[in-house]
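Those sequence lines, one after another, are chains W and P.
Going by our numbering, the first sequence runs without a break in its numbering and finishes at 89.
Going by our numbering, the second sequence runs without a break in its numbering and finishes at 1556.
Yeah, the Cβ is synthetic: ideal placement off N, Cα and C, and Gly gets one too.
Reading through the structure tokens given below for one structure.
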Amino acid sequence: MKNKHMHIVAGEIVRLSLLKRGEQGKVISLQNDNKALRRRLLDMGITKGVKIEIKKIAPLGDPIDVKLRGYELCLRKADMAEIMVEKL
Amino acid sequence: MIVALVGNQNSGKTTLFNALTGANQKVGNWPGVTIERKEGHVKGTDITVVDLPGIYSLSPYSNEEKISRNFVLEHHPDLIINIVDATSLERSLYLTTQLLETGVNMIVALNMFDLVKKRNIHIDKDKLEKALNTTIVDISAKTGEGIDHLLEHVKKYDVKENKLLNIYPSDVHDVLVSVRKDLAKADIENDYFYAVKTFEGEEDYAKHISSSTKEKMLQVQKKYDMDGEELIASLRYDFIDELKKESFTNEEIEIREKQANKKLSWTDKLDKIFLNKWAAIPIFIVIMALVYILSVGLVGGLTVSFVDALFNGSEEIEFNFFGLVWTAPFEIAGIGPGLGGWLESIGASPWAVSLVADGIVAGVGAVCNFVPQLIILFICLSLLETTGYMSRISFLLDRIFHKFGLSGKSLVPFVVGVGCSVPGIMASRTIEDENERKATTILTPFMPCSAKLPIISAFAGFFFGTFAWLVSLSFYFMAIIVILLFGIVMKKFIFKGSHTTYISELPEYKTPSFTYVFRDVVDRTGAFLKRAGTIILLCSVAVWFLGSFTWEFKYVDGTDILINDSLLANVGMTFAWIFAPMLGGNMSWGAAVAALTGLVAKEEVIGSMTTIAALAGENVELFSEADVIFNFFNPITAFAFMSFNLFSAPCFGALGAMKNELGSTKSMLKSALFLTGFAWLVASIIGSISWIITAAGGTL
Ligand SMILES: Nc1nc2c(ncn2[C@@H]2O[C@H](COP(=O)(O)OP(=O)(O)OP(=O)(O)O)[C@@H](O)[C@H]2O)c(=O)[nH]1
Ligand SMILES: [Mg+2]
């Protein structure tokens, strides 16, 4: 398991929640087992191959505002942990 | 002709609706403002426009999104105007591709075109039009640009025959065609739309699908290594990606621009401050404090005496600037004494004079004293709602509220509830999770609404003077603490944990439109005044009547028959014991009556008290030595009584809204009982302190 203080190198496959502000990842898979949530994430454009950038982090560390497909979306860390990305 | 406005949340549907129909429906800069279907007419035409809650896809999650989906699929509008936020085309077109599959006639309105121009976003409308096979009009709902043009298209019914888009590769397409054939055999309308839905795994129509088709579905999904849902979503977005390359902002330009001016957008700059790790929460507290400092502190102190003079007459008035008091001579007879004097002069009986002066003018006037403060409160709220800060509050506090069984989205109902609980309670609809939603509905009335402001302001103004605004603010934060406590209790014992999520957006900051804020404030103030002129007036007359006559229907003249013998005193006395603990042991029928009338409308607490005080003695200031009914109040019992009125069952209007949202009268009554019980407990504990102090020989 990756520790959040470790440096993640490009090309590594990690949970989206581990990326830091300004970093980008390319979605590899959605592992959310909550059906409604998974559907919503797909509808919001989190499909395989899409690039996601960490934009803003709430002062208390959660939720997180990410940028994808030219717009921004806020998600909770717990849900982001189930999105696997390849760090860019 | 019925025209439905369909589009993503916060894309400007209601702004367009208002522009088309001249209505004044609520517009706000956060996702999920509209929660109900609203209809309106375009003047001089037979066009009915329907405004709907925003959706991101035709697979809805929350109740208000279902309203939109059902309207499109089942009500068969003659035309859909798909409002698209042109500054986030990629995401918006996802819904567009779904809408086109429903076969409903459609025009796409590219909204926010003012921003598109300002930011040099490139959109090739003709290419887009061709690729989507539909009519596209660019508009700016806010400035009104292009709306006439859009209306022309609507009037001409300028729609293109919906040809199916070329979204799916041939292998997927072939399977969809088979599914569609099976559905067509079963006489299902909208067969193409439902074919896609069935492919995605929606169960409703699965029974009509032959086993060979099912087999084909599985095969193609296996080939792409995705389930139906993911495959369709991916293909749609792939299609949009292709479209983007041809017809709108080209990534290359975007990157080059970014490098050329490493400038942050306005929104990002402001968020560096408002969402700053250390400053964000202090800033939030200051902003909320400002609402009360400005309304109760500044404007309240400066105007209360003046407005009171208009109703009740004066020789001089007082301006209080945070404790700096100065007076100005201001001789005015006042509406009450003026009317009273005139009635006397034409020989009206004493009870008629009293009805007008003590009943109507005193009661209604007591409530109207607070209009200037309310106007400021409404302006502040309108600014919070239109600038985009609302979503930041929710983003900021989600972490805390989530821990306590609520959601960051609960903050929207709470802040809206500061204006009025009814829209606040209704706004809880946008919370996806049922438990979080119900908890929010039940807890929203704890927020001190604008009708409670007169209670706070009147008590705090007398007992806490310069610090009145601080007391108001303390109720605000007390409400939040109480809400959090109950959130966690409900999470532990009633609504046991399920996995909840928070998916939202931080809209761009927008400069509020002056006209909109103005109309909004006029609307809300108008509603308050209307209540003063109807419910409050009726209530004050009822209180006057009961306070002016005895069981034997003798008029209470103040010399032979005293107000303590009146019907009102008798009724109040039967309830007074309930309130004795919070009033430091005082059995006060007046306070009991006031609290009960607060159920009708919270501001009537002050209306009733003023009427009762006016009946009991001429020209007395509420709570002053001369006020024989209410002079027993001291700062502690005042605080206790305020707490009771603020936290107990809300007015009937809010109870009605709670019933709607909770789905049954029983749950509503339970919640009301719970709120009242809690309020009583807290108030009684506070009030007992006063009791103990006086019992120990202290004075307050
Ligand atoms: N700059 C600009 N802002 C706009 C335009 N149209 C709407 N807005 C703003 O966008 C925000 C959202 O507008 P609404 O009309 O409430 O959006 P809606 O689609 O009804 O939103 P929901 O009811 O939440 O689904 C408001 O702040 C509007 O002032 C436009 O053409 N240009
Ligand atoms: Mg709306």
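Notebook entry, point to check: Just by C-beta distance, which residues in the stretch 914 to 936 of chain P are closer than 8 Å to chain W?
Noted result: Ser915 and Tyr917
Margin query: Here's the rule: buried if 16 or more other CB atoms are within 10 angstroms of the residue's CB, otherwise exposed. What is P:His1258?
Written below: buried
Check: Counting pairs of beta carbons, one from the stretch 1403 to 1411 of chain P and one from the stretch 1262 to 1274 of chain P, are three or more of them closer than 8 Å?
Finding: Result no; under three Cβ-Cβ pairs closer than 8 Å.
Next item on the list: Using 7 Å as the cut-off, classify the Cβ of P:Leu1006 as near or not near the heavy atoms of ligand 1, replying yes or no.
Entry: Not a single heavy atom of ligand 1 lies less than 7 Å from the C-beta of P:Leu1006.
Notebook entry, point to check: Is there at least one non-hydrogen atom of ligand 3 closer than 7 Å to the beta-carbon of P:Val889?
Noted result: As far as ligands go, the structure on display features ligand 1 and ligand 2 and does not contain ligand 3.
Check: Going by the beta-carbon positions, is the gap between P:Val1412 and P:Ile1419 smaller than 8 Å?
Finding: When the beta-carbon positions are compared, P:Val1412 and P:Ile1419 come within less than 8 Å of each other.
Next item on the list: For chain P, find out if any of its Cβ atoms is closer than 8 Å to the Cβ of W:Met45; answer yes or no.
Entry: yes
Check: If we count Cβ pairs, one from each stretch, closer than 8 Å, do we get three or more for the stretch 68 to 88 of chain W versus the stretch 12 to 32 of chain W?
Finding: yes
Next item on the list: For the alpha helix (DSSP H) holding P:Lys869, just list the boundary residues, first then last.
Entry: Lys869 to Thr877
Note to self: Using 8 Å as the cut-off, can you tell me whether the stretch 1506 to 1524 of chain P makes contact with the stretch 1468 to 1478 of chain P, which would need three or more C-beta pairs spanning the two stretches below that distance?
What the structure shows: Judged by Cβ distances under 8 Å, the stretch 1506 to 1524 of chain P makes no contact with the stretch 1468 to 1478 of chain P, as fewer than three pairs qualify.
Note to self: Any beta carbon of chain W sitting closer than 8 Å to that of P:Leu1039?
What the structure shows: It does not; no Cβ of chain W falls within 8 Å.
Notebook entry, point to check: Whole alpha helix (DSSP H) runs in the stretch 1279 to 1333 of chain P with 4 or more residues, listed along the chain?
Noted result: 1290 to 1299 and 1309 to 1319
Margin query: Can you confirm whether W:Leu89, when its beta carbon is compared against all beta carbons of chain P, has any partner nearer than 8 Å?
Written below: no
Next item on the list: Report yes if the C-beta of P:Thr1286 is less than 7 Å from at least one heavy atom of ligand 2; otherwise report no.
Entry: Not under cutoff, so the answer is no.
Notebook entry, point to check: Run through DSSP, which three-state label would P:Gly896 get?
Noted result: strand
Note to self: Can you tell me whether P:Lys1366 sits near ligand 2, meaning its C-beta is under 7 Å from at least one heavy atom of the ligand?
What the structure shows: Because no heavy atom of ligand 2 lies under 7 Å away, the Cβ of P:Lys1366 does not count as near it: no.
Note to self: Below 7 Å on C-beta distance, what does W:Glu73 contact in chain P?
What the structure shows: Glu1361 and Leu1362
Check: By DSSP, does P:Phe1489 sit in helix, in strand, or in coil?
Finding: coil
Notebook entry, point to check: What residues match up with W:Asp66 in a beta bridge as DSSP calls it?
Noted result: W:Asp66 pairs with W:Lys57 and W:Cys75.
Notebook entry, point to check: When every heavy atom of ligand 2 is checked, does at least one fall within less than 7 Å of the C-beta of P:Lys922?
Noted result: no
Notebook entry, point to check: Quick one: is P:Ser1354 buried, meaning 16 or more other Cβ sit within 10 Å of its Cβ, or exposed?
Noted result: exposed
Check: In chain order, what residues of the stretch 1132 to 1150 of chain P put their CB closer than 9 Å to some CB of chain W?
Finding: Asn1132, Lys1133, Trp1134, Ala1135, Ala1136 and Ile1137
Next item on the list: Could you tell me which residues DSSP puts in a beta bridge with P:Leu1180?
Entry: P:Phe1177
Notebook entry, point to check: The beta strand (DSSP E) with W:Arg16 in it runs from where to where?
Noted result: In this chain, the beta strand (DSSP E) harbouring W:Arg16 covers Ile14 to Arg16.
Item checked: Beta-carbon neighbours of P:His1355, restricted to chain W and to distances below 8 Å -> Asn35 and Leu38
Notebook entry, point to check: So what does DSSP say about P:Glu1008, is it helix, strand or coil?
Noted result: Helix.
Check: When the cut-off is 8 Å and only beta carbons count, does W:Arg41 lie next to chain P?
Finding: yes
Notebook entry, point to check: Which of helix, strand or coil does DSSP assign to P:Gly1221?
Noted result: helix
Next item on the list: Determine the direct distance from the alpha carbon of P:Thr1243 to that of P:Ile1235, and round the result to whole angstroms.
Entry: One Cα belongs to P:Ile1235, the other to P:Thr1243, and the distance between them is close to 12 Å.
Check: In chain P, what lies closer than 8 Å to W:Gly62 by C-beta?
Finding: In chain order: Arg1255.
Checklist line | Within chain W, the residues that P:Leu841 reaches when beta carbons sit closer than 7 Å | finding: The structure shown does not extend to residue 841 of chain P, since chain P is modelled only from 857 through 1556, so no value can be given for it.
Next item on the list: Please list the partners that P:Tyr950 has in chain W, where partner means a Cβ-to-Cβ separation under 8 Å.
Entry: Asp44 and Gly46
Notebook entry, point to check: Relative to the C-alpha of P:Leu1471, which residue among P:Ile1434, P:Gly1509 and P:Ala1425 is closest?
Noted result: P:Ala1425
Notebook entry, point to check: Is P:Arg1293 close to chain W, meaning its C-beta is less than 8 Å from at least one C-beta of that chain?
Noted result: It does not: the Cβ of P:Arg1293 has no partner Cβ on chain W nearer than 8 Å.
Notebook entry, point to check: Where do the N-terminal and C-terminal ends of the alpha helix (DSSP H) with P:Met1443 fall, by residue?
Noted result: Careful: P:Met1443 lies outside any alpha helix (DSSP H) and carries neither H nor E.
Notebook entry, point to check: Name the DSSP beta bridge partners of W:Lys1, please?
Noted result: No statement about residue 1 of chain W is possible, as the shown extent of chain W runs from 2 to 89 and does not include it.
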